[in-house]
Amino acid sequence: MRRLVLNATLGPAARARRDPGQALAAWHAKADATAAASDFEPDEQDRAFIDDLGFLLQCFARVQGLTPVGWTAQLREAEQRLENRLRVKWIHAQNPLVAAEAIERPVFIVGLPRTAGGLIQRILASSEPHRGPLVWELLRTGLDRDGSDADRSRDAVARQLEALTALTPGGDAINPQRADWPGDSAAVMWHTYRPLRCAPMPDYRARLEQFDLTADYAYLKQILQVLQYGREPKRWILRFPGHVAHLDVIRQVFPDAVFVWTQRDPTAAVASFCSLVEALEGMHHKDVDPLRIGRSWLGALADTVQRGRKLRRALPESAVIDLNYHRMTFDPHKYAPELYERLGTQWTQRDALGLNDIAGPLTRATTGRHGLERYGLSEAAVEEAFTDSER
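Taking the working numbering, the leading residue of the sequence shown gets 1259, the next gets one more, and so forth.
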């Protein structure tokens, strides 16, 4: 009911969602206003960034039955991404020492989605020698971490997440998010499959294959440098399932990066992810088709993992740590210390005492609402898609 009321309220102001040309014009107006309010003059790379987001918004405008809520959320996210980018670049321009911050031996949690990446990030980031970028820090990056600006940013992001959770079917149960939890790197990367979870956009999916993500990871590094500047350096713990398809690019930008590759039965992971996609699509458009979701995402996820397997063969064996989802979620007190040891970090009494508070809620949230059958998939089809053909 809340979503119906909000869609009716936003409808007149969201007419641009029905026409790609109007959508692009609306975005350019937002982008120009954002740039004018910023202390940093956009350069050629920023203009390309604006163009890429404009293309994405045009793709959303082509989605049949795109809701006012869905359009408004995507337009606001694009605006927020540009605001943050210009703020980060201004900080680097004002203080060249920020770029001198060394990001050493970062840990990237990769693999299929819905394989407890959030759980593992929180466990690792809670340790004294480690740090995970918090959701609010990724969305509103700045140097004022403890003052009033930081409080306002944290509160604003918390309200934003609460509103989005309330509008998403299944909400907090299927995809829990908190402003002060470590966040997904895709929040600051603009060439990822993340928007495709919200609506079917074949033009965007096709273009995504052409992008070079070096600039995305370079920007991620700039954000980490801002967050680290003036503080004791710690080992960064980062996550995004899609990182698995870009192990080579990550090692170009972060040469000593280490990967924790989460392993879960793909039949369970795919079903859970399709359930999440169905919930997100339900907020964004009216033509949600579970069978289409199953067809499109099985191939996309399998291709991502197969690419990761190929890239892994070129890495040193020590660069990748395999982690069994079922073992970690069933008995984190046994397997978390083993993961720490493999990463070269000491497991302490403090880590052990804090584990129950971290593992409980996230472990319960990893299961989707529906099985494979709802999405027109069988266990045999999923297993075949994920078979390593080069073994």
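All C-beta atoms, glycine included, are put in the ideal place defined by N, C-alpha and C.
Is it true that the CB of residue j sits closer than 8 Å to the CB of residue i?
i	j	result
leucine 1282	glutamine 1316	yes
glutamate 1337	threonine 1292	yes
alanine 1558	tyrosine 1633	no
tryptophan 1519	aspartate 1310	no
valine 1511	isoleucine 1579	no
glycine 1602	serine 1384	no
threonine 1472	valine 1446	no
leucine 1597	leucine 1581	yes
proline 1453	arginine 1550	no
leucine 1505	proline 1391	no
valine 1327	leucine 1401	no
leucine 1355	alanine 1617	no
glutamine 1379	arginine 1497	yes
So what's residue i in DSSP terms, helix, strand or just coil?
i	result
threonine 1621	Per-residue confidence for threonine 1621 stands at a pLDDT of 48, beneath the threshold of 50, marking its modelled position as unreliable; no derived number is given.
asparagine 1582	strand
isoleucine 1616	helix
arginine 1436	coil
threonine 1520	strand
histidine 1543	strand
alanine 1639	helix
leucine 1396	helix
arginine 1320	coil
glycine 1405	coil
glycine 1328	helix
arginine 1497	strand
phenylalanine 1588	helix
cysteine 1532	helix
isoleucine 1361	coil
tryptophan 1448	coil
Taking the alpha carbon of residue i as the reference point, which residue from the options has its own alpha carbon closest?
i	options	result
proline 1440	Trp1494, Leu1370, Gly1405 and Asn1342	Trp1494
arginine 1571	Val1346, Ser1384, Asp1646 and Gly1376	Asp1646
leucine 1333	Arg1273, Lys1347, Arg1436 and Asp1413	Arg1273
serine 1411	Ala1437, Ala1421, Ala1424 and Leu1422	Ala1437
leucine 1556	Ser1530, Gly1279 and Asp1470	Ser1530
arginine 1465	Ser1406, Ile1308, Phe1313 and Gln1604	Phe1313
serine 1443	Ala1416, Leu1401, Gly1500 and Gln1468	Gly1500
threonine 1373	Leu1534, Asp1402 and Ala1289	Leu1534
tyrosine 1477	Leu1630, Arg1339 and Ala1284	Arg1339
leucine 1344	Asp1609, Arg1600, Ala1594 and Asp1301	Asp1301
proline 1548	Phe1644, Ala1560, Thr1587 and Cys1532	Cys1532
valine 1640	Ala1360, Glu1395, Ala1319 and Val1563	Val1563
lysine 1479	Phe1366, Gly1405, Lys1568 and Arg1608	Phe1366
glutamate 1539	Pro1364, Ser1296, His1350 and Leu1425	Leu1425
alanine 1371	Arg1455, Asp1290, Asp1413 and Trp1348	For clarity, residue 1371 is proline in the given sequence; the question names alanine instead. Out of Arg1455, Asp1290, Asp1413 and Trp1348, Arg1455 has the C-alpha closest to the C-alpha of proline 1371.
Please report the straight-line C-alpha distance between residue i and residue j, rounded to a whole angstrom.
i	j	result
glycine 1488	glutamate 1386	17 Å
glycine 1375	alanine 1527	12 Å
glutamate 1637	threonine 1525	6 Å
glycine 1541	glutamine 1418	The residue asked about is misnamed: residue 1541 is methionine in this sequence, not glycine. C-alpha separation (whole angstroms): 15 Å.
valine 1346	aspartate 1474	13 Å
alanine 1421	aspartate 1409	18 Å
tyrosine 1583	arginine 1522	5 Å
alanine 1331	isoleucine 1308	17 Å
alanine 1294	leucine 1397	20 Å
valine 1546	glycine 1566	30 Å
aspartate 1277	histidine 1543	15 Å
alanine 1360	arginine 1389	14 Å
aspartate 1470	alanine 1358	24 Å
glycine 1673	leucine 1382	Since the first and last residues shown for the chain are 1259 and 1649, residue 1673 lies out of range.
alanine 1503	proline 1513	16 Å
arginine 1463	aspartate 1561	13 Å
proline 1460	serine 1554	10 Å
histidine 1350	glutamate 1341	15 Å
On the DSSP bridge assignment, give the partners of residue i in chain order.
i	result
phenylalanine 1366	Leu1496 and Phe1517
histidine 1388	Arg1493
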